[in-house]
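Have a look at the structure below before the remarks.
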Amino acid sequence: MIRVVLPTHLRTLARVDGEVKLHIEGPATQRAILDALEARYPMLRGTIRDHATARRRPLVRFFACELDLSHEPPDAPLPDAVAKGAEPFLVVGAMAGG
Amino acid sequence: MSGVRVLVGTRKGAFVLTSDGKRERWDISGPHFAGWEIYHLTGSPADPDRLYASQAGGWFGQVIQRSNDGGETWEPVGNEFEYDGVPGTHQWYDGTPHPWEFARVWHLEPSLTDPDTIYAGAEDAALFRSIDGGHTWQELSGLRGHGSGPAWQPGAGGMCLHTIVLDPTDPGRIIVAISAAGVFRTDDAGKTWRPANRGLRSEGIPDPYAEVGHCVHRLAMHPSRPDVLLMQKHWDVMRSDDAGESWQEISGNLPSDFGFPIDVHAHEPDTIYVVPIKSDSEHYPPDGKLRVYRSRTGGTEWEALTRGLPQRDCYVNVLRDAMAVDSLDSCGVYFGTTGGQVYVSADAGDSWAPIVRDLPAVLSVEVQTLP
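Line order of the protein sequences matches chains A and B.
Counting in the working numbering, the first sequence runs from 786 upward without gaps.
Counting in the working numbering, the second sequence runs from 303 upward without gaps.
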């Protein structure tokens with residue numbers, strides 16, 4: 786089970802409280818997490834990554850295990866701690882975004 | 303007793319202000335969508351309980367919200383605004399080609415007859431339409447592709463399509479305005495378009511009388527006279543009596559003909575309202591006095607409306623979508639400022655009072671007249 790922490794505005798938009806828990810088939814990657822997240826919460830489509838290109842929006846960041854994974858390829862494996870649910874995958878609004 | 307519902311979009315959320323027909327006591331709800339830029343929220347003329355809102359922000363992009371109960375509850379609908387085909391380029395601020403990129407929806411214009419049909423004016427400039435209540439959007443790409451698109455360039459606020467005028471007597475006719483490209487008109491419901499800027503003069507472009515390139519800030523039309531269009535341009539207040547075929551200046555005795563909004567009295571097509579702003583770089587009222595100017599003669603002759611408005615040390619702006627009128631017997635006029643005030647006049651502009659004073663900067667004001 787993957788744990789995902791959304792920023793406040795996206796929790797409000799998706800009407801969720803606290804962490805989101807997702808089951809992912811295959812390797813845990815950014816793309817796999819976001820695909821599963823958007824499938825469960827369609828209103829998040831386009832808010833984290835571009836509809837057409839699937840590229841991360843410029844002022845969104847991905848953190849986990851105290852690492853900035855924003856610039857990692859979307860199909861790169863995430864840390865084992867994320868894949869095993871020991872650590873959450875954080876979707877973060879960049880400090881410059883508001 | 304009938305009443306009004308004022309829909310206010312701000313830099314940090316939406317607010318809904320309601321009152322009875324006297325428009326003296328107000329209930330304020332909000333912020334809705336707190337923390338997001340609400341460029342525009344508006345109601346369907348065909349179903350006043352159907353509202354739409356453009357919710358946007360630097361972090362998470364564009365969301366469109368819809369309400370079916372007059373704003374009590376909202377649901378996000380479709381936010382995929384994809385340009386038709388290969389978007390190509392327009393001019394960037396420095397004159398170089400720049401790819402068309404969707405940034406946000408500036409303005410939503412619901413159909414006059416169908417609550418599920420709505421138009422969206424976007425930055426970078428394009429017109430989109432939804433016929434399923436906002437779930438899916440299709441570009442009316444004949445506008446962007448009619449020929450002059452590669453020469454369009456952004457105004458200071460971005461290259462936005464900010465005004466959409468639907469002709470109540472001719473469903474095929476739509477008139478839009480783009481900063482800084484100008485006015486464009488279709489007579490076949492959006493398939494083909496042509497510029498409608500003859501008579502405009504803009505000193506900030508190489509050919510002041512060019513067919514396109516004018517920084518039109520806002521258009522207004524009275525539904526009883528759809529061929530009469532009114533314009534607040536970057537500089538100059540203009541009027542067309544032939545649906546945009548030609549334009550004449552009606553700035554007359556205004557203290558400044560720079561400004562953003564323009565609107566028309568609900569029952570008097572020749573009564574027009576503008577808010578003069580000092581200049582293109584000094585976005586505040588002349589002399590620190592917030593004055594709405596009213597013409598009762600269709601332009602050229604203007605009177606200052608000051609009662610109840612600050613007449614000293616006022617340096618706010620009134621943005622292009624931040625003025626509206628209701629259709630009660632005594633026409634109400636509303637506007638919001640970048641200082642967060644929303645003012646109402648229940649007597650067609652003779653006197654004014656603040657409804658609220660301390661909202662975030664106001665981006666848009668719409669009003670619904672309720673039974």
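Quick reminder that beta carbons are idealized off the backbone N, C-alpha and C, glycines included.
Exercise. Put A:Glu823 into one of helix, strand or coil per three-state DSSP.
Key: Per DSSP, reduced to three states, the secondary structure at A:Glu823 is helical.
Exercise. Measure the alpha-carbon distance for B:Asp652 versus A:Val790 and round it to whole angstroms.
Key: Roughly 53 Å between the two C-alpha positions.
Quiz item: Measuring CA to CA, which of B:Val306, B:Arg313, B:Arg307 is closest to B:Thr639?
Solution: Nearest option by C-alpha distance: B:Arg313.
Quiz item: Do you know offhand how far B:Pro456's Cα is from B:Ala483's?
Solution: Distance between the alpha carbons of B:Pro456 and B:Ala483 is about 8 Å.
Quiz item: Three-state secondary structure (DSSP) at B:Asp589?
Solution: Annotated three-state conformation of B:Asp589 is helix, per DSSP.
Exercise. With 8 Å as the limit, tell me which residues of the segment 836 to 870 of chain A have their beta carbon closer than that to any beta carbon of chain B; keep them in chain order.
Key: From the segment 836 to 870 of chain A, only His836, Ala837, Arg842, Leu844, Val845 have a Cβ closer than 8 Å to chain B.
Practice problem: Write down the C-beta distance between B:Gly423 and B:Trp408 rounded to the nearest angstrom, noting that I regard them as a contact closer than 8 Å. | Solution: Yes, B:Gly423 and B:Trp408 are in contact; Cβ-Cβ is about 5 Å, under 8 Å.
Quiz item: Looking at the C-beta of B:Pro389, does it have a partner C-beta in chain A at a distance below 7 Å?
Solution: With respect to chain A, the C-beta atom of B:Pro389 has no partner C-beta closer than 7 Å.
Quiz item: Is the beta carbon of B:Arg596 sitting closer than 7 Å to the one on B:Tyr575?
Solution: Yes, they are a contact pair.
Practice problem: Check the Cβ-Cβ distances between A:Gly811 and every residue of chain B, and say whether any is below 7 Å. | Solution: It does not; no Cβ of chain B falls within 7 Å.
Exercise. With 8 Å as the C-beta to C-beta threshold (strictly closer), list the residues of the segment 343 to 370 of chain B near chain A in chain order.
Key: Residues of the segment 343 to 370 of chain B whose Cβ lies closer than 8 Å to any Cβ of chain A, in chain order: Gly359, Gly360, Trp361, Phe362, Gly363, Gln364, Val365.
Quiz item: Leaving out the 5 sequence neighbours to the left and right, which residues in its chain are closer than 8 Å to B:Leu556 when beta-carbon positions are compared?
Solution: Taken in chain order, the residues that qualify are Val539, Val576, Pro578, Tyr595, Trp604.
Quiz item: Under 7 Å Cβ-Cβ, which residues of chain A neighbour B:Ala378?
Solution: Note that residue 378 of chain B is Pro in the sequence shown here, rather than Ala. In chain order: Leu798, Met828.
Exercise. Name, please, each residue of chain A whose Cβ falls closer than 9 Å to the Cβ of B:Gly337.
Key: The answer, in chain order, is Thr793, His794, Thr797, Gly883.
Practice problem: Verify the CB distance criterion: does B:Glu605 have a CB-CB separation below 7 Å to chain A? | Solution: Cβ-Cβ to chain A under 7 Å: no for B:Glu605.
Exercise. Taking the CB atoms as reference points, tell me whether A:Ala799 and A:Tyr826 lie closer together than 7 Å.
Key: Yes, these two residues count as a Cβ contact at 7 Å.
Quiz item: In whole angstroms, what separates the C-alpha of B:Ile433 from that of B:Asp418?
Solution: Within the model, the alpha-carbon separation for B:Ile433 versus B:Asp418 is close to 5 Å.
Exercise. May I ask which residues mark the beginning and end of the beta strand (DSSP E) holding A:Val867?
Key: Secondary structure note for A:Val867: it is in no beta strand (DSSP E), and the uninterrupted alpha helix (DSSP H) holding it is 865 to 868.
Quiz item: With which residues is B:Gly506 paired in a DSSP beta bridge?
Solution: When DSSP reads this structure, B:Gly506 sits in no beta bridge, so it has no partner.
Practice problem: Ignore the nearest five residues each way along the sequence and tell me which others in B:Ser548's own chain have a CB closer than 8 Å to its CB. | Solution: Within the same chain, B:Ser548 has close Cβ partners Arg500, Gly501, Ser542.
Quiz prompt | Buried or exposed by the 16-neighbour rule on C-beta atoms within 10 Å, applied to A:Thr814 | solution = Residue environment for A:Thr814: buried (at least 16 other C-beta atoms within 10 angstroms of its C-beta).
Quiz item: Helix, strand or coil: which one does DSSP assign to A:Thr797?
Solution: Assignment of A:Thr797 by DSSP, reduced to helix, strand and coil, places it in the helix class.
Self-check item: Classification of B:Gln357 by the beta-carbon crowding that lies within 10 angstroms, buried from 16 upward
Solution: By the neighbour-count rule (16 or more Cβ atoms within 10 Å), B:Gln357 is buried.
Quiz prompt | A:Ala879: contacting residues in chain B (beta-carbon distance under 9 Å) | solution = Within chain B, the residues Gly360, Trp361 have their CB atoms less than 9 Å from the CB of A:Ala879, given in chain order.
Practice problem: With DSSP collapsed to three states, give me the class of A:Ala817. | Solution: Reduced to three states, the DSSP call for A:Ala817 is helix.
Quiz item: Contact check, B:Tyr354 vs B:Gly311 under 8 Å by CB: the rounded distance?
Solution: Not confirmed; about 11 Å, so no contact.
Exercise. Give a yes or no on whether 7 Å exceeds the smallest Cβ distance from B:Glu384 to chain E.
Key: Chain labels in this structure do not include chain E; the protein chains are A and B.
Quiz item: At what residue ranges does the segment 375 to 414 of chain B contain a whole run of the alpha helix (DSSP H), taking only runs of 4 or more?
Solution: Qualifying alpha helix (DSSP H) stretches: none in this window.
Quiz item: Which residues in chain A sit within 9 Å of B:Asn381, going by Cβ to Cβ distance?
Solution: B:Asn381 reaches chain A at Met828, Arg830, Gly831, Thr832, His836, counting residues in chain order whose Cβ is nearer than 9 Å.
Quiz item: Looking at the structure shown, is B:Pro347 part of a helix, part of a strand, or coil, going by DSSP?
Solution: B:Pro347 falls in the coil class under three-state DSSP.
Quiz item: Going by alpha carbons, who is nearest to B:His585 out of B:Thr608, B:Gly460, B:Asp559?
Solution: Ranking the options by Cα distance to B:His585, first place goes to B:Asp559.
Quiz prompt | Among A:Pro812, A:Lys806, A:Thr838, nearest to A:Ala824 - alpha-carbon criterion | solution = Shortest Cα-Cα distance from A:Ala824 to any of A:Pro812, A:Lys806, A:Thr838 involves A:Lys806.
Quiz item: Which residues mark the beginning and the end of the beta strand (DSSP E) in which B:Gly332 is found?
Solution: The continuous beta strand (DSSP E) containing B:Gly332 extends over residues 329 to 334.
Quiz item: Looking at the structure shown, is A:Leu829 part of a helix, part of a strand, or coil, going by DSSP?
Solution: In this structure, A:Leu829 counts as helix in the three-state DSSP scheme.
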